[in-house]
Amino acid sequence: MAQKILCIGEILWDSLPNGLFLGGAPFNVACHLHRLKCDVSVVTRVGNDVLGRIINNRVNEKGISTDLFQVDNLFSTGLVNVTLDKEGNAFYEIVAPAAWDYIEADDQLMKTAEKADIIVFGSLAQRNKKTRETIQKILDLNKINIFDVNLRPPYDNHDVISDTLYKTKICKLNDLEILKLAEWYGFESDLHEAAIGIREKFGCEIVCVTRG
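Residues 20 to 231 in the numbering used here are what the sequence shown lists, from first letter to last.
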């Protein structure tokens, strides 16, 4: 029987000079898993607005269920303003608050989480207490928790990262992020040694470092 995968966190629009593009790390992972014919569900929260309705339509067109999409009547759908410098380097303004900051641990979500085998989540969605509490409650179910570390200052809370790593079986981060964690925890700045340090300190089974 195929393992059930639950991806939870932000879904948002990247606002670039040439238009709006649908994004959010947990959602992007879900799209790739769906293409691989995996049994994947997505949990997020959008605003009761035009951009939220477009997201629902786009996601449904991809063949991914929006049954676990929550709708917020107070906060708007997530938006990231992206600007590029002369060299093409991107700078991000992640608008806050956003609907995905307020994902609720309702009965439908918790029942789905209890049946899941794998939980995919990140650090950005935990910038706000409400969604952070929801994610942490799901992590306490002790599934195969896959943590996509995404350090976007000022949303790079040391304590949140530490608490989450202790509940993580598989950790994914890039070469710059692992060096930041090495600095925090006093590990060697060598990528391999830093990965070993994370595994040994937090008990992660796998530490995956992407380069470039």
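For each residue, glycine too, the CB sits at the ideal point set by N, CA and C.
None of these values were measured; they are calculated from a predicted model.
In the DSSP assignment, Lys130 falls within the alpha helix (DSSP H) that extends over Asp126 to Lys134. Beta-bridge analysis with DSSP links Ile215 to no other residue.
In this structure the region 200-207 touches the region 215-230; the number of beta carbon pairs closer than 8 Å is three or more. By the criterion of at least three beta-carbon pairs nearer than 8 Å, the region 136-154 is not in contact with the region 89-101. Under the three-state reduction of DSSP, Glu112 is assigned to strand. Spanning the alpha carbons of Gly222 and Ile197 requires a straight line of approximately 16 Å. Taking C-alpha positions only, Asp167 is separated from Ile113 by approximately 17 Å.
Between the region 80-87 and the region 153-164 there are fewer than three inter-stretch CB-CB distances shorter than 8 Å, so the stretches are not counted as touching.
Residue environment for Pro45: buried (at least 16 other C-beta atoms within 10 angstroms of its C-beta). Take Asp120, set aside five residues on each side of it, and the residues of its chain with a beta-carbon closer than 6 Å to its own are Asn147 and Thr150, in chain order.
For the pair Ile138 and Leu52, the CB atoms are not nearer than the 8 Å cut-off. With contacts defined as CB atoms closer than 8 Å, Ile122 and Arg54 fail to qualify as a contacting pair. Gln127 and Lys186 have their C-alpha atoms spaced approximately 23 Å apart.
For Val228, the enclosing beta strand (DSSP E) starts and ends at Ile225 to Thr229.
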